[in-house]
Structure formats: C-alpha cells, structure tokens
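> To start, I am sharing the structure in question, which I have written as structure tokens.
Numbering (this note's numbering), first residue to last: 11 to 325.
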C-alpha cells in the first residue's frame, strides 16, 4: 500500500482474535514493499507473534534470484521482561527453514529476573554483545526486539555511533512508557496500585528497577520528567548534552517497524507502541499530538497506521 507521495507503508489492522486473518493481511501487506513501515495489529504471546515473523522476514531478507545466492544480513534478537533466549527457539527454526544460512543471534543476557536490572545497565551489556556481531557484518544487521527489549534497543541505537542496523523491528514495546496494572506489577509491588506507584518509581530506589525506568504516570508529569533516568532522556523530553548525538545515531537506522494493537493486554495504553500516550485526563494523544514530538526522534520518512486503519505519512 502506498500513500501516493513516495512514502510506502504496510498495515495490519486489528481483527479481534482472528490471528489467521491477521497473518493473511500481513503477508499481502508485506509483499507490497516499502522503505519505512508501521504495523498495527494483534499482540500475540511469544509463541504466537513468532508466527508473524516469517512474513516480516520476507521483507527483511529478500530471496536470492536463482541460480545465484546472496548472504543474508545477520539477525539479532533481544527478549523482553522475564523472558530469555529460550522463548525464541521457534523463531530460530522459522528463519532456518525460510532462509537457510542466516546467522541469527538471540542474545542470552539479563534473563528472567535479571531483566529487572536498570535499563542503562542492560543497554551497556547488550552493546558489548552486539558490537562484535556488527563488526563482522559490514553489510548491516537486522534487529528484532520484543516488549521491554524494544526500549533497550532504541537506547542502544541512540548511544551507538558505530551501529549498522538496517532494520529495527519493535514488537509491542512501550516506547512512550507504561501506565497500567499488570500481573508482573502486582507481583513486584503488591501493595501499590498504578495511581500511587509513582511514589516508588520516581524515587532513586525505584529507578533501580527496569519497569520504573519507563513508568509514565500522566498525572505526575513533573515528577516523571525530573526523576526518569531513562525514558525521559531517550524520548528527548528532558534536555541533556547528548540529545543531538543520540538523535543522529538513531536516524542512521535504515528501516523502522512498529508493531502493536488494541488486543495487547499488557502495554498500556497500547498506542505507546506507536509513540502515543495518555494526557492528564487519560485521553490518548497520538504520536503527532505529543507536546514533545517523538517525530523529531524518528526518520523523516517513517510511516504508521493509526487506529482507523487509514494510512498516514509522518514526514
């Protein structure tokens, strides 16, 4: 699908729980091609969303014309909160079946409860892990990052002036933060509800937990801006001396893919996957309506598919 102005997109709109229908639409959409993509659809559990990835790989890893063979760009996978590399074993099988010979690395770092470590600590750890992979792939790499891992990867791409990421796929990641009660929050902070969790998260002690690094309470925006040691910085919501360099680094990404949807069930609001978020009245403001526009942090040709499923170009 094209927007008619040279900016191409592929969209997958939510169809309830019709996963098969979504995958069919995904296949059609991805075959239409494009440079920068925004995808909106179902949030699937780890075993489910992996069904969608082979179709994404059709885009990221073009088939070689017979009888010649080309080497596919390496794929790096970063897991989410409480996950591990084991969660992506099916993805490895899919890639090996559809594109034999592709080098896929599912980074085995900060697994399980270790994923609660501060995000800047995780960014440094993942940076040390991906640097040698990138150094051996002068043609570039593809980066697939799930949930919390999408934030780690975005920060990674911001601080790495040496990265060579061709495609960055953000799968159901709270790019503008999280503000919702979930099972893992109730487990971590059993005596706190979302309305008062800011008292913990916006303290020096709270910022030692990864989920507090992107906890975004729209009713206490001043505290968020002052206390957030991670999200407010990578979003450019608070001035810091590295802001210009970080933006320049991130804009070197060749292709950006954002995936999320109203059936997410975890990311709240689900529009956070597309840089949308609540205002003080808990009305969702889309990406273009944010006071500090995330558009300034994204490639100018980036496109997205809004809830009404009518494509718009964000350039």
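Beta carbons are placed, not taken as given, at the ideal position from N, Cα and C, and that holds for glycine.
1. Go to residue 182, then tell me how far its beta strand (DSSP E) extends in each direction, as first and last residue.
2. Considering only C-alpha positions, which residue in the set 287, 84, 146, 103 is nearest to residue 176?
3. Helix, strand or coil: how does DSSP classify residue 156 here?
4. Could you pull the start and end residues of the beta strand (DSSP E) that residue 115 belongs to?
5. How long is the line joining the alpha carbons of residue 39 and residue 131, rounded to whole angstroms?
6. Whose C-beta lies closer than 8 Å to the C-beta of residue 81 among residues of the same chain, with five residues either side of it excluded?
7. Near residue 239, which residues of its chain fall below 8 Å by C-beta distance, leaving aside the five closest residues on each side in sequence?
8. Our contact map puts residue 282 next to residue 188 with C-beta atoms below 8 Å; I'd like the distance itself, whole angstroms only.
9. Look at the alpha carbon of residue 272 and the alpha carbon of residue 261, and state the distance between them as a whole number of angstroms.
10. Within the same chain, show all residues whose beta-carbon is closer than 8 Å to that of residue 220, passing over the 5 residues directly before and after it, in chain order.
11. Per DSSP, which residues does residue 288 bridge with? Please list them.
12. In terms of residue numbering, what span does the beta strand (DSSP E) encompassing residue 327 cover?
13. Just to confirm before moving on: does the CB-CB distance between residue 208 and residue 227 stay below 8 Å?
14. Check the DSSP bridge columns for residue 188 and list the partner residues they point to.
15. Please report the distance separating the alpha-carbon of residue 295 from that of residue 270.
16. Span of the beta strand (DSSP E) holding residue 266?
17. Indicate the three-state DSSP secondary structure (helix, strand or coil) for residue 232 in the structure shown.
18. Excluding the 5 residues flanking residue 117 on each side, which residues of the same chain have their C-beta closer than 8 Å to its C-beta?
19. Drop a sphere of 10 angstroms on the beta-carbon of residue 292, count the other beta-carbons inside from all chains shown, and report buried for 16 or more, exposed for fewer.
20. Grab me the residues of residue 211's own chain with a C-beta within less than 6 Å of its C-beta, minus the 5 sequence neighbours each way, in chain order.
21. Is the CB-CB distance between residue 182 and residue 274 below 8 Å?
22. So the alpha helix (DSSP H) residue 141 belongs to, where does it begin and stop?
23. Which same chain residues, not among the five before or five after residue 290, have their C-beta less than 8 Å away from its C-beta?
Per the coordinate set shown:
1. Careful: residue 182 lies outside any beta strand (DSSP E) and carries neither H nor E.
2. 84
3. strand
4. 114-116
5. Low local confidence applies: a pLDDT of 36 at residue 39 is under 50, so the model's placement there is unreliable, with the coordinate-based value given in what follows. When rounded, the distance between both Cα atoms is 37 Å.
6. 111, 149
7. Close CB contacts of residue 239 within its chain, under the 8 Å cut and outside five residues either way in sequence, are with 128, 130, 217, 223 (chain order).
8. 7 Å
9. 28 Å
10. 91, 125, 126, 127, 128, 129, 132, 158
11. 294
12. Summary: the structure shown does not reach residue 327, with the chain confined to residues 11 through 325, and so no result is reported for it.
13. Cβ distance < 8 Å, so residue 208 and residue 227 count as in contact.
14. 225
15. 16 Å
16. 265-270
17. helix
18. 86, 87, 88, 89, 95, 136, 139, 140
19. exposed
20. 222, 225
21. yes
22. It spans 129-145 - the alpha helix (DSSP H) in which residue 141 sits, taken as one unbroken run.
23. Within the same chain, and ignoring the five residues on either side of residue 290 in sequence, the residues whose Cβ sits closer than 8 Å to its Cβ are 228, 229, 231.
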